[in-house]
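Asker:
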Amino acid sequence: MKTEKVKIPIKTKKNIAAAIHYPEIETDKLAVLCPGNLDTKDYNHLIKLAETLSKEGYTTVRFDPLGTWESDGQDADYSVSRYLKDVASVLDFMLSRKSYKTILLGGHSRGGEISILYAAQDPRISIVVPIMPPTPISAEELKGDKYTNWKKQGFYLSTRDIPGSSETKSFKLPYDHLTDRLKFNSIQAVKKIHTPIIFVAGELDKVCLPEEVKILFDNANEPKRYLFLRGIGHGYRRSVAEIDIVNAEILKTLQIL
556 MKTEKVKIPI
566 KTKKNIAAAI
576 HYPEIETDKL
586 AVLCPGNLDT
596 KDYNHLIKLA
606 ETLSKEGYTT
616 VRFDPLGTWE
626 SDGQDADYSV
636 SRYLKDVASV
646 LDFMLSRKSY
656 KTILLGGHSR
666 GGEISILYAA
676 QDPRISIVVP
686 IMPPTPISAE
696 ELKGDKYTNW
706 KKQGFYLSTR
716 DIPGSSETKS
726 FKLPYDHLTD
736 RLKFNSIQAV
746 KKIHTPIIFV
756 AGELDKVCLP
766 EEVKILFDNA
776 NEPKRYLFLR
786 GIGHGYRRSV
796 AEIDIVNAEI
806 LKTLQIL
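Numbering (my numbering), first residue to last: 556 to 812.
#1: Under the rule that 16 or more other beta-carbon atoms within 10 Å means buried, what is residue 652, buried or exposed?
#2: Identify, in the order they occur along the chain, each residue of the same chain with its Cβ nearer than 6 Å to the Cβ of residue 726, setting aside the five sequence neighbours on each side.
#3: If you check the beta carbons only, do residue 687 and residue 755 fall under 8 Å apart?
#4: Taking C-beta to C-beta, are residue 751 and residue 778 nearer than 8 Å?
#5: Using DSSP with H/G/I as helix, E/B as strand and the rest coil, what is residue 559?
#6: Using only the alpha-carbon positions, how far apart do residue 640 and residue 658 sit?
#7: Once DSSP output is grouped into helix, strand and coil, what is the label at residue 604?
#8: What does DSSP give as the partner residues of residue 755 in its beta bridges?
#9: So for residue 679, helix, strand or coil by DSSP?
#10: Just confirm the distance between the C-beta atoms of residue 619 and residue 625, as a whole number of angstroms; I'd bet it's less than 8 Å.
#11: Just how far apart, CA to CA, sit residue 784 and residue 765?
#12: Need the endpoints of the alpha helix (DSSP H) that residue 811 sits in, please.
#13: Look up residue 658 in the DSSP assignment and say whether it is helix, strand or coil.
#14: Could you check the C-alpha separation between residue 556 and residue 696 for me, to the nearest Å?
#15: According to DSSP, simplified to helix, strand and coil, what is residue 570?
#16: Beta carbon of residue 805, beta carbon of residue 684: below 8 Å?
#17: What residues match up with residue 713 in a beta bridge as DSSP calls it?
#18: So for residue 761, helix, strand or coil by DSSP?
#19: Going by Cα to Cα distance, which pick from 762, 775, 758 and 812 is closest to residue 801?
#20: Mapping the DSSP letters down to three states, classify residue 703 as helix, strand or coil.
#21: Indicate the three-state DSSP secondary structure (helix, strand or coil) for residue 733 in the structure shown.
#22: Could you check whether the region 566-575 touches the region 662-670, counting it as contact only if at least three pairs of C-beta atoms, one from each stretch, sit closer than 8 Å?
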């Protein structure tokens, strides 16, 4: 299977870095995969999911949101508002190349949340696959140390491991990032989606708890599926065996949904 690296231009004269996986036989199916909060398109779970979907005939795109990794911009460019625009830019770019009848939008963690928020506003999306998506931040959570310190300092420092390296990469998010995120509510958004949606929850997930994913599922319209995967945690990307389990369950559900 062929993989093409591209730079997708946006209106601000910056570029979104993306990788496109092409199936062996061309079809009318497209998949767009969204990485988690400050994660990269090049983490193994997204690469493997892109390869899995490509084998099923999907032309599959994974990308870095603006302000992160190989895409243009600064840390301050990264926000939920901007991320949603990036999804639209990626989708428009792919549709300018070819017409697709089926469009799958999915992602892990924050990418799953983005998938829900975006699908609620764009009727072109045919299937949504949020993997371990978070629910909105509660008023009680906002009183915790993480968010009070963020407000006091004016920024939040977050670190990610660099694929294939022992080194790390740090991002400095301004408090505006949080205030922007609070404008969006995935529970309300999921009620507006009327296309098939597959929720994936991990039994061992301590970041986006299975019961929180279930709240999103309960508020979603049919057709929908809730995949509760035993022995799987939020950081399953670090285990090839766990990645294979997650992808196999997603694929099996796509085939019967």
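Just so you know, even glycine gets a beta-carbon here, dropped at the ideal spot from N, CA and C.
Answerer: So, to answer that:
#1: exposed
#2: 593, 630 and 713
#3: yes
#4: yes
#5: strand
#6: 17 Å
#7: helix
#8: 686 and 782
#9: coil
#10: 5 Å
#11: 9 Å
#12: 795-811
#13: strand
#14: 45 Å
#15: strand
#16: yes
#17: 726
#18: coil
#19: 758
#20: helix
#21: helix
#22: no
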